[in-house]
């Protein structure tokens with residue numbers, strides 16, 4: 001490939017990265033608008049919510065023509081608490097640093113519509129929405145200043161997606177970029193894992209689900225044509241395999257037989273796959289679904305390893321969803337009490353709790369960066385050996401030489417609340433004061449990709465938060 005062709009290829013990739021960012025921002029601002037508060041992880045303080053609701057009622061009383069004067073004795077409609085929480089869910093504008101006017105106006109129009117449908121008539125052109133929005137912003141600012149949310153809380157959001165929504169990177173919406181977010185295909189999938197988590201928590205002091213760090217298997221470059229990935233990942237994976245007390249199984253530069261894949265999934269706590277696709281060329285979907293026991297954590301670090309195939313009105317299929325189906329026969333709800341206890345102890349290792357995958361094709365160097373940082377944040381390995389082969393590799397284009405920060409859109413758009421919270425989150429991460437779940441590690445590692453949206457946004461986690469045990 002000539003230098004001009006390489007430059008053209010990267011120009012196209014960077015343009016696609018920008019288009020992906022714009023699409024994600026438009027989905028949030030235009031599709032969700034003020035209703036993005038339903039995804040909010042802000043703590044809801046009942047006393048402060050009541051105070052904000054009183055302020056909002058006062059704003060409506062002052063500015064709605066239907067509430068002017070003292071003649072009308074009609075009972076005012078009481079807004080549902082969920083409506084009030086939508087406002088709070090927009091977050092803090094950080095003293096005007098973040099533009100939230102459109103989202104607040106969106107919710108104010110929604111409130112007026114509710115009043116209209118309940119008989120309280122107001123002509124929209126007679127309502128000063130700009131002043132109402134300004135006063136509402138002041139009330140929101142007071143709420144968040146008083147709430148003083150403790151950001152050390154490990155809030156987590158699980159998306160139960162409709163069959164048509166699996167292909168979109170919801171986790172990379174600006175309002176969710178700083179949030180630990182995973183996804184599942186159904187309420188049943190989530191319920192099964194919550195029950196297993198509760199049973200493990202009965203035996204330990206921490207309210208977290210742990211997997212055994214010493215038990216795992218990795219499949220690296222099975223096709224033999226990913227030499228750069230092998231060079232980057234091999235030192236880290238070798239440390240896992242040779243560490244004291246570990247029982248890691250390695251397959252490097254060798255095509256695994258399906259029975260070897262099954263053995264690794266059935267006998268180990270983790271399976272890390274670094275190859276093309278999802279590994280479906282080595283183990284069939286139906287074989288995965290029929291597993292009696294499955295590794296609790298599966299990494300599928302290949303192109304489109306999490307891509308979803310839609311089937312019209314029927315449920316979609318994907319490799320991560322197949323892993324979440326595997327092993328569920330271990331749970332027997334018809335057993336006697338003693339049998340149930342024994343069966344549930346076995347079933348802790350029967351279900352796959354989390355799958356890391358990519359929604360579409362990604363470039364190898366970026367996904368290698370992502371994998372290295374994810375393992376580092378999660379605690380699977382301490383740090384990249386110095387000097388890292390990934391750092392020694394020459395940049396792919398002239399414009400990338402001599403700069404560590406890629407030419408990619410802003411990580412967090414200026415319209416999005418939470419810019420400050422991200423810096424505090426990263427600072428806490430560098431201090432290493434607490435364990436991080438795999439989902440949080442993935443969230444923190446998306447920024448490691450040069451193309452933050454074209455490659456970083458492709459990475460998702462199916463399942464629930466899991467932590468590494470010693």
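In UniProt numbering, the protein residues as written are 1 to 470. Think of the CB as a built atom: it goes at the ideal place given N, C-alpha and C, for glycine as much as any other residue.
Burial state of residue i (16 or more Cβ within 10 Å)
| i | result |
| --- | --- |
| residue 121 | exposed |
| residue 305 | buried |
| residue 17 | buried |
| residue 166 | buried |
| residue 386 | With a pLDDT of 46 at residue 386, under the threshold of 50, the predicted position of this residue should be treated as unreliable, though the coordinate-derived value follows. That one is exposed. |
| residue 188 | exposed |
| residue 464 | buried |
| residue 93 | buried |
| residue 370 | buried |
| residue 10 | buried |
| residue 293 | buried |
| residue 320 | buried |
| residue 245 | exposed |
| residue 124 | exposed |
| residue 195 | exposed |
| residue 82 | exposed |
| residue 222 | buried |
| residue 183 | buried |
| residue 78 | exposed |
| residue 264 | buried |
| residue 193 | buried |
| residue 449 | buried |
| residue 460 | buried |
Cβ-based neighbour list, residue i, same chain, cut-off 7 angstroms, excluding 5 preceding and 5 following
| i | result |
| --- | --- |
| residue 28 | 36, 173, 174, 175 |
| residue 466 | 209, 211, 296, 297, 353, 354, 437, 438 |
| residue 8 | none |
For residue i, the first and last residue of its enclosing alpha helix (DSSP H)
| i | result |
| --- | --- |
| residue 381 | That residue, residue 381, is in no alpha helix (DSSP H); it is neither H nor E in DSSP. |
| residue 63 | 46-63 |
| residue 158 | Per DSSP, residue 158 belongs to no alpha helix (DSSP H); it is in the beta strand (DSSP E), 156-160. |
| residue 89 | 81-89 |
| residue 235 | 227-242 |
Sequence-distant residues of its chain with Cβ nearer than 8 angstroms to residue i (five each side left out)
| i | result |
| --- | --- |
| residue 59 | 132, 135, 136, 139 |
| residue 66 | 72, 115, 120, 121, 122 |
| residue 24 | 169, 172, 173, 174, 453, 457 |
For residue i, the three-state DSSP class (helix, strand or coil)
| i | result |
| --- | --- |
| residue 10 | helix |
| residue 257 | coil |
| residue 168 | coil |
| residue 183 | strand |
| residue 200 | helix |
| residue 360 | coil |
| residue 215 | strand |
| residue 275 | coil |
| residue 143 | helix |
| residue 354 | strand |
| residue 282 | coil |
| residue 127 | coil |
| residue 132 | helix |
| residue 444 | helix |
| residue 372 | helix |
| residue 451 | coil |
| residue 100 | coil |
| residue 137 | helix |
Same chain only: Cβ atoms within 6 angstroms of residue i, ignoring 5 sequence neighbours per side
| i | result |
| --- | --- |
| residue 212 | 269, 469 |
| residue 181 | 157, 171 |
| residue 201 | 207 |
| residue 106 | 33, 34 |
Inter-residue spacing [alpha-carbon to alpha-carbon] between residue i and residue j
| i | j | result |
| --- | --- | --- |
| residue 367 | residue 230 | 12 angstroms |
| residue 251 | residue 351 | 23 angstroms |
| residue 150 | residue 298 | In this prediction, residue 150 has a pLDDT of 48, which is less than 50 and means its spatial position is unreliable; what the coordinates show is noted afterwards. One C-alpha to the other measures close to 32 angstroms. |
| residue 226 | residue 303 | 12 angstroms |
| residue 3 | residue 454 | 22 angstroms |
| residue 119 | residue 21 | 42 angstroms |
| residue 232 | residue 381 | 13 angstroms |
| residue 109 | residue 45 | 25 angstroms |
| residue 354 | residue 13 | 30 angstroms |
| residue 379 | residue 446 | 16 angstroms |
| residue 179 | residue 272 | 24 angstroms |
| residue 471 | residue 53 | Limits of the chain in this structure are 1 at one end and 470 at the other, which puts residue 471 out of reach. |
| residue 49 | residue 85 | 8 angstroms |
| residue 254 | residue 443 | 31 angstroms |
| residue 160 | residue 5 | 42 angstroms |
Residue range of the unbroken beta strand (DSSP E) whose run includes residue i
| i | result |
| --- | --- |
| residue 247 | 247-252 |
| residue 314 | 314-317 |
| residue 309 | 309-311 |
| residue 459 | 459-463 |
| residue 467 | 467-469 |
| residue 300 | 297-300 |
Any non-hydrogen atom of the ligand PLP closer than 8 angstroms to residue i Cβ
| i | result |
| --- | --- |
| residue 62 | This structure lacks the ligand PLP, and indeed carries no ligand of any kind. |
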